[in-house]
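Counting in full-length UniProt numbering, the sequence shown runs from 1 upward without gaps.
C-beta: ideal position from N, C-alpha, C; glycine also.
Computed from a predicted structure; not experimentally measured.
Below: the structure, in C-alpha cells.
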Amino acid sequence: MTKQKLSYEFAPTGGGTETGFNDSVTNRFDGNVAYFLAREAIQNIIDATVQKPAKAVFEMKTIKPSDLPDPKGLEAIFQACRDYKSHDKDSVKFFGYALGLFKSDASLSMFRIGDYNTCGLTGGDEDQKGAYYSLLKSVGSTSKGEGKGGSFGLGKGAYFAASILRTIFVSSVTENKDVVFQGKLRLVSHIYNGEPMQGDGSFGYSGQKPVRTVGDIPTLFRRKEVGTDIFIVGYEDSEDWKDHITKSVLNYFWNSILNGLLEVKVGNVEITAKNLEDVMGKYFVEGQLDAKDNPTPLPFFNAYKNGKVISRDFPILGKCSLHILTGDKYPNRICYMRGTGMVIQKKSHPSMKSYAGVFVCDAANKRGNEILRDMENATHDKWSHEFVKDKEDPRSKENAKNAEKEIRDFVNEVILGLVELREAESLHVPGLQKLIYLPGENESGIPIGGGALLAGEYSDEETGAETGADESTPSKKSEPVTIQDSIVTNRKDQTSGSGPDVPRKKERTGVVVIRKTKKKMGGRGTQGGRVIENIAYRTFASKGSNGEEEHIIIVRGSANVACSLSIQAGTDDAYAPVKMTSVRDEHGKAMKISDEKITDLVFDQNGLIQLRVTFDSQERYSLNVTAYEI
C-alpha cells in the first residue's frame, strides 16, 4: 500500500478571530510545569485504566530538529508566525528562539509520557465522546463521565505549556489493536499562501485527519503495546525534570500508588506500593513545612496510614472517610481526594492541637465521586459547586452545594473533637470547647471566618462582641471566671484610697474573646513601630499544667511577617498594660518580653501566631492585642 503524505496543516481564519501568542489554554499552566503536567497526565491515565495498576512512564530523550517529521515545513510555519506577529515582543522572542534551533539543528529534548494497562485513545475521528476527539480535536470539552478513556478537558493545555515549541505528537494503540497518530500545535495566526491561518494546527493526513495506518506513522513515534504515548517536543523543564516530576507524583498520587491503583516510572526509578515509603524518604523529611511552593506529602501519608479513621455515609455524597493524626509539627491541614487517590486540594482548618488529615470519597462510591469530579476546576486542584455546569439534571448544582456542606460540617466536627480540655489541667467552662475551635478553611493556609461562632457556623466578618458560654449546660465543675471587661482610668483604688490605676473586675462565666482590629493608625503607634492593620485575634483563659492561670492568644495576620505584640486588658475604649511573667509559643518555646511587648515574633506560613501568656496578677482578663512591625 502506498504511503499517504503527511503534512502540517492549519485551517483558514475565514475572516474570523485570529489567535495571538497569549493563549489562555496554555498560559493557565505557566509556572511549575512539572506540577501541572504530572497531575494532568496521571489523572487521565488513571481514568483510562483497564487493568490495575495503571502504569505511567516519564522519560527524556535528546533529538535534533531535523529528526522531527517534515522539519523544513515546520520551520517555515514558525517563520510565518514570527513574521505575521512581528509587533508582538513575546511572539518574536518565542519564534526567534525556535527558528534558531532549526537553523543550528541544535540538540532538542523530547519528553515522553507513556501509559500501560490503559485503553488507548478510543473513538473515531468525529466521535465527540471518544478520548481521541477530546484530546486532539476539541478545546474546552471533556469526555469525563463517559466511562473509560480519560477526561482531557482544559487541563490538556499543560502538555503544550511544557513545550518550548508548543508542539506535541500523540501515538496510541487501543484494545482492539487500532492505531492512531497525530501531531498538534498551538501557535499563532499567520499567513500561508497569502491567506490568514488559525494558530491551532495539526500534523497528519490532509484535512487534519489523524493517521490510522501503522506504516504511515513516523518510526520515532510508533508504539506496539496498548496505551498512549504523548511526546512533548522541547520539554521546558529539561535539567531537573526527574526530581520535579518525582516530587509532583509523590505529592499528588501517593495514595493512588499506596493502594495499588498506580505505578510510576521516572527515568530509571520505579515507584510502587512496595517502595513508596523509601522513595518518599529520599525527597522529603519529617517536620518539613508543607509550604505552597515546596509541599510535602509526609504528614498526610502518615495520617492515612496511622491515623484514626472516621467514616460517614452522607445523604448526598455517600460513603466517605477522614483519616486524622495529631503531631507537634503537623500543618493543621486536610488534603482532599476522590476515589482515584489524586490529591485535589489542601485546606487549613485551625485548631489548638496540631494535626494532619486526609478526606477520601470511597472508591466504590460511584455517585459521590461523580459529584466531586463535576465540582473540580480545569486544573484539578479545587472543589466548588460553582464549577458545576448546568446538566440535564437540574439538581446537580444543588447536590454539589449540599455535598460541600456535608464535607465542611464533617471535617469541623472531627477537628473540634481534637480539642479536649482535661479537667486536671483546665478550668471547665460550659460551652467553651465549641468556641475554642474557630471554623474556617482555605487553600493558602490563612483561616477564614470569625466572630464568636459555634462549630459548623461560618462568617466572612469577625466581630468585636464577646460571647458567653451556654449557661444552660449543666456542669458540677463549672465556676465563675473573673474577667476584665472595662478599664476605669484616673481612678484611685477604692479599698486603699490610693495606688495606681487598675482594671475594674467583673464576674462572668466562661468568656472567649474574638476580635478583628480595624484601626487605621497610619505612621508609628504609641508603642513604637508601625501598627499592623486588620489583624484578627481571639483569646481565652484556662489553667496551665502547673496550675497557673494562662491566657491563650491566637493572632491572624499575613504569613511570614515579623512583628511584636502589645497585650492590654480592657475594652476597645479603655485599656491598660498588664505585666506578663512568661510567654510560650505552641511548641512550648519561651518568647521574649521587652517593654511590655512580646517581641521577635513571626506569623507562620498559615498567617498565625499562637501563644500561652501568664500574667503576674494571676487574674483572668478580657484582652486587646495590637501588632507592630519590626
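According to DSSP, R212 shares a beta bridge with no other residue.
Per the coordinates, the alpha-carbon of N399 lies some 11 angstroms from the alpha-carbon of S384. Excluding five sequence positions before and after L276, the CB atoms of its chain that fall closer than 7 angstroms to its own CB belong to W254, I257, L258, given in chain order.
For the pair T340 and K93, the Cα-to-Cα distance works out to about 41 angstroms.
Between the region 100-119 and the region 58-69, the count of C-beta pairs closer than 8 angstroms reaches three or more; the two stretches touch. Taking the Cβ atoms as the reference, A162 lies roughly 20 angstroms from A48, outside the contact range of under 8 angstroms. Linking Y116 to E59 through their CA atoms gives a straight-line distance of about 14 angstroms. When DSSP states are grouped into helix, strand and coil, V279 belongs to the helix group. Only residues of its own chain outside the window of five on either side were considered, and among them T26, R166, R186 have a CB closer than 6 angstroms to the CB of F160, listed in chain order.
In chain order, T296, L298 place their CB closer than 6 angstroms to the CB of F284, counting only its own chain and leaving out the 5 sequence neighbours on each side.
Looking from the CA of R338, the closest CA among N332, V358, I324, D328 belongs to V358. DSSP places A38 in the helix class (H, G or I) of the three-state scheme. Our two residues, D125 and N176, have alpha carbons roughly 16 angstroms apart in a direct line.
Within the region 240-267, complete alpha helix (DSSP H) segments of at least 4 residues are found at 241-258, given in chain order. In terms of Cβ geometry, G267 and K308 do not form a close pair [threshold 7 angstroms]. For the pair K353 and L418, the CB atoms are nearer than the 7 angstroms cut-off. Under the DSSP definition of a beta bridge, G114 partners with V57, D229.
When V188, P350, V602, M342 are compared, the shortest CA-CA separation from D362 is found for M342.
Out of D178, L74, K305, the CA that lies nearest to the CA of L121 is found in D178.
The three-state reading of DSSP puts Q79 in helix, counting H, G and I together.
Here the alpha carbon of F36 sits roughly 11 angstroms from the alpha carbon of H244. Between the region 284-294 and the region 70-78, the count of Cβ pairs shorter than 8 angstroms is below three; the stretches do not touch. Rounded to the nearest whole angstrom, the C-alpha separation of K282 and K247 is 10 angstroms. Counting only residues of its own chain and dropping the five nearest sequence neighbours on each side, V249 has a CB closer than 6 angstroms to the CB of A38, V264. Between the C-alpha atoms of L565 and L416 there is a straight-line separation of about 28 angstroms. With respect to the 7 angstroms criterion, A54 and T118 are classified as neighbours on the basis of their beta carbons. With fewer than 16 other CB atoms across the displayed protein chains lying within 10 angstroms of its CB, V602 is exposed. Close CB contacts of V173 within its chain, under the 6 angstroms cut and outside five residues either way in sequence, are with G120, V179, R223, V226 (chain order). When only Cα atoms are considered, K366 and V33 end up about 31 angstroms apart. Following the DSSP letters along the chain, one finds P299 inside the alpha helix (DSSP H) bounded by residues 298-306.
The region 320-336 makes no contact with the region 232-239; the number of CB pairs closer than 8 angstroms stays below 3. Within the same chain, and ignoring the five residues on either side of K85 in sequence, the residues whose Cβ sits closer than 6 angstroms to its Cβ are S91, V188.
Looking at the DSSP output, V625 bridges to I567. Cβ atoms of E586 and Q568 stay farther apart than 8 angstroms, at about 22 angstroms. Judged by their CB atoms, I344 and Y355 are not nearer to each other than the 7 angstroms cut-off. Residues of the same chain with a CB within less than 6 angstroms of the CB of T599, apart from the 5 flanking positions on each side, are S564, K592 in chain order.
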